[in-house]
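K.L.:
Sequence order for the protein chains is L and X.
At the far end of the first sequence sits residue 346, using the working numbering, and the numbering has no gaps.
At the far end of the second sequence sits residue 419, using the working numbering, and the numbering has no gaps.
Built from N, CA and C at the ideal position, the CB exists for glycine as well.
Take a look at this one; I'll ask things after.
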Amino acid sequence: VRWLTCFSALAGLMLPTTAVALPLVAIDPGHGGRDTGAVGVLPAGTETGLVPRSDSRGRTVIYEKDVTLDVSQRLDAWLRARGFPTLMTRTQDLAGGDVPYTTVGADLRARTNLANEAGAELFVSIHENSLNARSSGTETYHFYYASPAARALAVLVHQEVVFRLGLPDRGVKKAGFFVLKNTVMPAVLVEGAFLSNPEEALFLARPDVRQQLAEAVGTGVVRYVEGGGAPGTPAYGAPVSPKPLVIKYRVTAGAFRTRALALRRLAAVRRTGTTAVIRRRYTARTKKTLHYVVTGQFIFLENARQMRDALRAKGLPAQIGSAKPSAAR
Amino acid sequence: MQAFRSQFLPKRLRGLIAGMALVAATAAITAGCADDASVAPTTTTAGGSTAQTTARPASSRTTVYFLDSSGERLTEVVTSDSADGETALAVALRTLAAGPQQAGLTTALPAGTRLISSSQDGGTARVNFSSEFASGYPSGGSAAEIAVLAPIVFTATEVPGVDSVLIEVEGAPPDIPTQFDLSAPLARDDFPPELVAAP
Numbered sequence: 018v019r020w021l022t023c024f025s026a027l028a029g030l031m032l033p034t035t036a037v038a039l040p041l042v043a044i045d046p047g048h049g050g051r052d053t054g055a056v057g058v059l060p061a062g063t064e065t066g067l068v069p070r071s072d073s074r075g076r077t078v079i080y081e082k083d084v085t086l087d088v089s090q091r092l093d094a095w096l097r098a099r100g101f102p103t104l105m106t107r108t109q110d111l112a113g114g115d116v117p118y119t120t121v122g123a124d125l126r127a128r129t130n131l132a133n134e135a136g137a138e139l140f141v142s143i144h145e146n147s148l149n150a151r152s153s154g155t156e157t158y159h160f161y162y163a164s165p166a167a168r169a170l171a172v173l174v175h176q177e178v179v180f181r182l183g184l185p186d187r188g189v190k191k192a193g194f195f196v197l198k199n200t201v202m203p204a205v206l207v208e209g210a211f212l213s214n215p216e217e218a219l220f221l222a223r224p225d226v227r228q229q230l231a232e233a234v235g236t237g238v239v240r241y242v243e244g245g246g247a248p249g250t251p252a253y254g255a256p257v258s259p260k261p262l263v264i265k266y267r268v269t270a271g272a273f274r275t276r277a278l279a280l281r282r283l284a285a286v287r288r289t290g291t292t293a294v295i296r297r298r299y300t301a302r303t304k305k306t307l308h309y310v311v312t313g314q315f316i317f318l319e320n321a322r323q324m325r326d327a328l329r330a331k332g333l334p335a336q337i338g339s340a341k342p343s344a345a346r
Numbered sequence: 221m222q223a224f225r226s227q228f229l230p231k232r233l234r235g236l237i238a239g240m241a242l243v244a245a246t247a248a249i250t251a252g253c254a255d256d257a258s259v260a261p262t263t264t265t266a267g268g269s270t271a272q273t274t275a276r277p278a279s280s281r282t283t284v285y286f287l288d289s290s291g292e293r294l295t296e297v298v299t300s301d302s303a304d305g306e307t308a309l310a311v312a313l314r315t316l317a318a319g320p321q322q323a324g325l326t327t328a329l330p331a332g333t334r335l336i337s338s339s340q341d342g343g344t345a346r347v348n349f350s351s352e353f354a355s356g357y358p359s360g361g362s363a364a365e366i367a368v369l370a371p372i373v374f375t376a377t378e379v380p381g382v383d384s385v386l387i388e389v390e391g392a393p394p395d396i397p398t399q400f401d402l403s404a405p406l407a408r409d410d411f412p413p414e415l416v417a418a419p
């Protein structure tokens, strides 16, 4: 009987992957390469299961970039095991896109470009926090103009992480972080615990805790995709086609001859609480380059229609176009 | 549709004015008047398009934001000191860089950070810090970054006419490990509202 109960509890988290189209989830391990992220100090010789690190004074330390990559890899495996297509913005101790670190601007832009161009439908950035030795707890961010969908994702992921890690609940917050501002899909940034707090650094040094953190974030994503009970959450109910999932549709709010004109529209779109980016595309047929204000990319036409109609309801011009370059190849 | 378009007109004009101010300010800086912080090389020399940049009366009140003892909440401090020809923006930022004088307040501005210059282009304050700002900037953590940046942005945007802040280090965009986009101006919106909520 106990086995049965366990099994059904587990099954509740497993989506019937044969019947439901799951969204492409971009997983963003914060920092990397020359950018270590926050640094936590551990008791000498603490086993972390990560690359051993020490500072200039010979103390055993733990780098945020190592924790975020490890948690992200665990999250990636967890989501893939449940049928989710995923995209990691880096897979090694490198900057975004697995390239050597150059500047913070290039690093962050590579991450958002990867997710936007691959048509990711959710974006989860994994970070650990830092302030002082007494700071404690979990907080989750969404963009200040976030869509209801992004807010729902933030709330669900946050609830799960707070529940599993059992650290103080610092709340769901809004901020203008680069990866939240420049992604076109619902995006959240999770700060699991404080590396500046010696107890929480030691906590994050445990592989089992990092696994719990990863599964908590994953469970939040699953709850979101299932509808999460939150109003305004999109449901991914379209049947899976036997073909591989490709991004086919792109919702645009205008196409302009100059970037300046597109930027103005971009600002107007963002003022309505919609995330958007500018994409330039050359059309061979018309021999023209246009700057498109892209608000979303979709696998399923139904989801693209939903966004188009939502934009039109806000008084913005919106069209569905092909997500593939129209030129040959 | 008509309503949608009409939103743009004032913005377009504002952009034009800001652009002109920027050109004028650049000319002023290249003319070599950005050397001395205490002289506050602001757009006062760059023409009258930004009314707020004129020097203040010799003594007046300045609002500065420091952190409370937890380092997690902003606390407003109103000081009154002599301006001596400085702009309100320069006085406020200099007071911020000097650190809190009151017990129970803290600052997270990297140690040794000096204000080199400040200016105003339209609604954007341009704040130029010394290299200590970059070398002492926290390596990671949203809370740590917010503790450094929010007091600067809240203090500068307290100055009438300023709504965003572009941070520079030694006159160039800083290359520091930030999760914010420092190539663009920051506004109060970029920070969680809980920062100034009642405790």
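Considering only the alpha carbon of each residue, which of X:A308, X:R281 and X:S280 lies closest to X:V382?
P.N.:
Residue X:A308 holds the alpha-carbon nearest to the alpha-carbon of X:V382 among X:A308, X:R281 and X:S280.
K.L.:
Would you tell me roughly how many angstroms separate the C-alpha atoms of L:S71 and L:V84, rounded to the nearest one?
P.N.:
Their backbone Cα atoms lie some 15 Å apart in a straight line.
K.L.:
Can you give me the C-alpha to C-alpha distance between X:F400 and X:T327, rounded to a whole angstrom?
P.N.:
Rounded to whole angstroms, X:F400 to X:T327 spans 20 Å at the Cα level.
K.L.:
From L:S213 to X:G360, what distance separates their C-alpha atoms?
P.N.:
One alpha carbon belongs to L:S213, the other to X:G360, and they sit about 10 Å apart.
K.L.:
Determine the burial state of L:F180: buried for a count of at least 16 other Cβ atoms within 10 Å of its Cβ, exposed for fewer.
P.N.:
exposed
K.L.:
Do you know offhand how far L:L119's Cα is from X:Y357's?
P.N.:
One point to set straight first is that residue 119 of chain L is Thr, not Leu, in the sequence displayed. Answer to the nearest angstrom: the Cα atoms are 18 Å apart.
K.L.:
Mind pulling the chain L residues with CB within less than 7 Å of X:T398?
P.N.:
V121
K.L.:
Please tell me whether L:N13 has its Cβ less than 9 Å away from any Cβ of chain X.
P.N.:
With chain L running from 18 to 346 in the structure shown, residue 13 of chain L is simply not present.
K.L.:
CA-CA distance, X:S351 and X:L329?
P.N.:
12 Å
K.L.:
Taking the CB atoms as reference points, tell me whether X:T375 and X:L287 lie closer together than 9 Å.
P.N.:
no
K.L.:
Quick check on L:N199 - is its C-beta less than 9 Å from some C-beta in chain X?
P.N.:
yes
K.L.:
For L:E319, does the count of other Cβ atoms within 10 angstroms reach 16, so buried, or fall short, so exposed?
P.N.:
exposed
K.L.:
Measure the C-alpha to C-alpha separation of L:P60 and L:A222 and round it to an integer number of angstroms.
P.N.:
11 Å
K.L.:
Could you please give me the residues that DSSP links to L:Y158 through a beta bridge?
P.N.:
L:K190 and L:L206
K.L.:
In angstroms with no decimal places, state the Cα-to-Cα distance between L:V238 and L:A321.
P.N.:
20 Å
K.L.:
Work out the CA separation of L:G188 and X:A354 for me, nearest whole Å.
P.N.:
29 Å
K.L.:
Can a CB atom of chain L be found closer than 9 Å to the CB of X:D395?
P.N.:
yes
K.L.:
Less than 6 Å between C-beta atoms, sequence neighbours within five positions excluded: which residues of the same chain meet that for X:P397?
P.N.:
Excluding the 5 residues flanking it on each side, X:P397 has same chain C-beta neighbours closer than 6 Å at S359, in chain order.
K.L.:
Cα separation between L:V207 and L:A38?
P.N.:
25 Å
K.L.:
Between the Cα of L:L14 and the Cα atoms of L:T306, L:E232 and L:T291, which residue gives the shortest distance?
P.N.:
This structure leaves residue 14 of chain L out entirely; chain L is present only between 18 and 346.
K.L.:
Listed from N- to C-terminal order along the chain, which residues in the stretch 42–70 of chain L have their beta-carbon within a distance smaller than 8 Å of any beta-carbon of chain X?
P.N.:
G47, H48, D52, T53, G54, A55 and V56
K.L.:
Note down, in chain order, each residue of its chain lying with its Cβ closer than 6 Å to the Cβ of L:E92, except the 5 sequence neighbours on either side.
P.N.:
Sequence inspection shows Leu at residue 92 of chain L; the Glu mentioned does not correspond to that position. Around L:L92: I44, A231, V234 and G235.
K.L.:
Can you list, in chain order, the residues of the stretch 134–168 of chain L whose Cβ is nearer than 9 Å to any Cβ on chain X?
P.N.:
S142, H144, E145, N146, S147, L148, N149, R151, S152, E156, Y158, Y161 and Y162
K.L.:
State the beta-bridge partners of L:S339 as determined by DSSP.
P.N.:
Its beta-bridge partners are L:Y266.
K.L.:
Taking the CB atoms as reference points, tell me whether X:F349 and X:V389 lie closer together than 9 Å.
P.N.:
yes
K.L.:
Taking the C-alpha atoms as reference points, what is the distance between L:P185 and L:N149?
P.N.:
15 Å
K.L.:
Less than 9 Å between the beta carbons of X:A407 and X:V385, yes or no?
P.N.:
yes
K.L.:
Buried or exposed: where does X:S300 fall if 16 or more other Cβ atoms within 10 Å of its Cβ makes it buried?
P.N.:
So X:S300 ends up on the exposed side.
K.L.:
Return the residues of the stretch 173–196 of chain L that lie within a Cβ-Cβ distance of less than 9 Å from chain X, sorted by chain order.
P.N.:
R187, G188, K190, K191, A192, G193, F194, F195 and V196
K.L.:
Within 10 angstroms of the Cβ of L:G183, are there 16 or more other Cβ atoms? Answer buried if so, exposed if not.
P.N.:
exposed
K.L.:
Going by DSSP, what residue range makes up the alpha helix (DSSP H) through L:E145?
P.N.:
Not the alpha helix (DSSP H): L:E145 falls in the beta strand (DSSP E), residues L139 to N146.
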